[in-house]
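Visitor: The structure follows.
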Amino acid sequence: MEIAIVDYGVGNLFSLACSARAVGAEARVASDPEEIKSADLLILPGVGAFEDAAGKLAASGMARAVKEHAAAGKPLLGICLGMQLLFEKSFEYGEHAGLGLVPGAVRPLSFAAEKGLKIPHMGWNSLEIKQKSPLFKYVKNGDFVYFVHSYHAECPPEYVTAVSDYGGEVTACVRRENVFGCQFHPEKSGGTGLGILRAFCEFEV
Amino acid sequence: MLTKRIIPCLDVRNGRVVKGINFEGVTDVDSPVALAKKYGDSGADELVFYDITASAEGRALFTDVLAEVASQVFIPLTVGGGINGLDDFDRVLKRGADKVSVNSGAIKDPSLVPAAARKYGDQCVVLSVDVKRVGGEFRVFAKGGRVDTGMEAISWIKRCVENGAGEVVVNSIDTDGVKRGFDLEMLSAVCGAVNVPVVASGGAGTAEHFTQVFKAVPGVDAALAASVFHYGEIAIPDLKAELKQNGINVRI
């Protein structure tokens, strides 16, 4: 199985590629629209700021290629900022358009901040599974995953497959058909994270 | 619920793990890759790698060792030692680091923290501070804990957090290596001053010391130790079981 990891200059792809290889996938980096088009499985990673990331994806023509990949029914997994980019818009420092592949918007973790919790939400938190997802083939309710983020997606419950508790429900996993998102980092979440990546590799449309 | 993190710290020199007692008297312990894998498998929540020679002798970080670890261990990796500029951030982030710890580099050039936070995000920038009591105040020490900078520690930490440091590792020189427990007073002072994750370092000798720091200073998010793990004095699965039994939320 071959996985293409979208490289748009924001974030370290080294660990992600290593973890994909650890679950038996052939990982390669896709840094232009053509390299995305030839991929079966696509991972959209990302750290940093939403506006900058969305801008780089659009300017390189890769935003369109990612949308075409999803529209063709091929599996797509957004991780952390990459998951947030799947939504219609984000309110991180202003209002910015996302890829619009999953309905919803990205907003600050204000419920956590209001309770005096530290922002970013950083560390290992447990997953509360809300509905079945092919990604949870090797995951059980209560398993721990590693988060680092200050914003999260607010979207209709039908797309939310798992949440975590941090002063309220943090959207941890979403799914809309062949499009998946993880707010946490599966590539940094030990055996649980590798299980999620393995399940993504095994997902058949 | 977010868990408290247990972080083994691997001081690396010449491709091997070492641990200094009060930053002196270094002895070889094990291979970093083997040790990192062992810790990852036994439930460590994160690993910290310091190139301990870098700040003293300006040696380059052992990025090959880091890459080897990152290809085998899938938990967060923080790298420090000899981080003096954005080039150093870039060098380690490309080889598997998730967070980069700055210490002497931030003291030499206070614009490093804000510049790195702008480029890589606050979550990537960890401020590591070596602190010692001098004349009734907490004082920042540089160069691996050898040089008194004259700066008051709490105001230095606050300033760096305001400038974008997303996490603070507090190394108490006063308690480091003596195994009588973490520096609760120093940690309370830091936790009262900032609202980013705080990592306790220096002084762990027994599992009770970990329970004690999490209970006594609720603002402490993680506890870091080296020798007690390297020499097998505390096994991480036993430590986590004990923490859980004492009502501390940990990942098991």
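For the protein sequence lines, the chains are Y and W, in the order given. Everything in the first sequence is counted per the numbering used here, starting at 941 for the first residue and increasing by one. Everything in the second sequence is counted per the numbering used here, starting at 200 for the first residue and increasing by one. Each residue gets a CB set at the ideal place from its N, CA and C atoms; glycine is no exception. Remember, it's a predicted structure, so these values are computed and weren't measured experimentally.
(1) Quick one: give me the first and last residue of the alpha helix (DSSP H) that Y/K1014 is part of.
(2) Mapping DSSP to helix, strand and coil, what is W/R317?
(3) Rounding to the nearest angstrom, what Cα-Cα distance links W/H429 and W/L234 in this structure?
(4) Taking the straight line between their C-alpha atoms, what separation do you get for Y/A1010 and W/L386?
(5) List the endpoints of the continuous beta strand (DSSP E) containing Y/P1126.
(6) Using the three-state DSSP reduction, which class does Y/A979 fall into: helix, strand or coil?
(7) Starting from the N-terminal side, write out each stretch of the alpha helix (DSSP H) that is 4 residues or longer and does not extend beyond the segment 368-418 of chain W.
(8) Would a check of beta-carbon distances place W/S270 closer than 7 angstroms to chain Y?
(9) Thinking just about the alpha-carbon of each residue, which of Y/H1089, Y/E966, Y/F1143 is nearest to the one in Y/E942?
(10) Applying a beta-carbon distance threshold of less than 7 angstroms, which residues of chain Y neighbour W/D244?
(11) With distances taken Cα to Cα, identify the nearest neighbour of Y/F1084 among Y/E1117, Y/G1131, Y/G1056, Y/F954.
(12) Anything in chain W within Cβ reach of Y/F990, meaning under 7 angstroms, just list it in chain order.
(13) Going by DSSP, which residues form a beta bridge with Y/N952?
(14) Measuring CB to CB, does Y/G1034 end up less than 7 angstroms from Y/L1026?
(15) For a contact meaning CB atoms closer than 8 angstroms, what does W/M385 contact in chain Y?
(16) Alpha carbon to alpha carbon, how far is W/A440 from Y/P973? Give it in angstroms, no decimals.
(17) Output needed for W/N448: all residues of its chain with C-beta closer than 8 angstroms, excluding positions within five of it in sequence on either side, in chain order.
(18) For W/N221, which residues in the same chain have their Cβ closer than 7 angstroms to its Cβ, ignoring the five residues on either side in sequence?
Guide: Looking at the coordinates:
(1) From DSSP, Y/K1014 is part of no alpha helix (DSSP H); its letter is neither H nor E.
(2) helix
(3) Rounded to whole angstroms, W/H429 to W/L234 spans 8 angstroms at the Cα level.
(4) 48 angstroms
(5) Unbroken run through Y/P1126: none, as it is neither H nor E.
(6) Looking at Y/A979 - three-state DSSP - the assignment turns out to be coil, as it is neither helix nor strand.
(7) 383-390, 406-415
(8) With its beta carbon less than 7 angstroms from one in chain Y, W/S270 belongs to the interface.
(9) Y/E966
(10) W1064
(11) Y/G1131
(12) Here the premise fails: no neighbours, minimum Cβ distance about 11 angstroms.
(13) For Y/N952, which the question treats as bridged, DSSP gives no partner whatsoever.
(14) no
(15) By Cβ distance, chain Y contributes nothing, its closest Cβ being about 19 angstroms from W/M385, past 8 angstroms.
(16) In this model, Y/P973 and W/A440 are separated by some 49 angstroms (Cα to Cα).
(17) M200, L201, T202, K203
(18) Legend: pLDDT at W/N221 = 38, less than 50; position of this residue unreliable, no value from coordinates given.
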